[in-house]
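Reviewing the structure listed below.
In our numbering, the protein residues as written are 212 to 354.
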């Protein structure tokens, strides 16, 4: 059975033309953000928004969703996007504007950087220690 040709309006080239026209007209963009708990939030924002501003808006909207309690604080996450070479790029500089990202598709993902969870658990365990336990703890291999 022959496959139906892709609808022209669904091709990436067509999407880019539509999206760029939208940007030229009003300077706003709709960005889909995939949250670590599986939800997708669409945020309409200015292309001049920084990633920090976008993250603030995302978490503001996420508060209204189920399973918000499963999320950590916003500072525990970074955005990722699909780069021009189909590689996942981690975006650590939250001062970057959305326009400067030159997104191929208006979609970002929030992830917890690797190693962060263990650091958080260790900090939590240390915080539970009493002052006596802290003072009697062995530091740098001495007692």
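Just so you know, even glycine gets a beta-carbon here, dropped at the ideal spot from N, CA and C.
Values in this document were obtained by computation on a predicted structure and should not be read as measured data.
| query | result |
| --- | --- |
| Using DSSP with H/G/I as helix, E/B as strand and the rest coil, what is residue 173? | In the structure displayed, the chain extends from 212 to 354; residue 173 sits before or after that span and is not available. |
| Excluding the 5 residues flanking residue 314 on each side, which residues of the same chain have their C-beta closer than 7 Å to its C-beta? | 292 |
| Locate the beta strand (DSSP E) running through residue 257, then write down its first and last residues. | 251 to 257 |
| Can you give the Cα-Cα distance for residue 344 and residue 337, rounded to whole angstroms? | 10 Å |
| Closest to residue 266 by C-alpha separation, out of 239, 330, 346, 284, would be which residue? | 284 |
| Which whole-angstrom value describes the C-beta separation of residue 321 and residue 262, a residue pair presumed to lie in contact below a C-beta threshold of 8 Å? | Not a contact, Cβ separation roughly 10 Å. |
| Kindly list the residues whose CB is nearer than 8 Å to the CB of residue 317, restricted to its own chain and excluding five residues on each side of it in sequence; keep chain order. | 230, 240, 241, 242, 243 |
| What is the DSSP secondary structure of residue 219, reduced to helix, strand or coil? | For residue 219, the predicted model reports a pLDDT of 44, less than 50, meaning its position is unreliable; a value from the coordinates is still stated below. In the structure shown, residue 219 sits in a helix (DSSP, three-state: H, G or I). |
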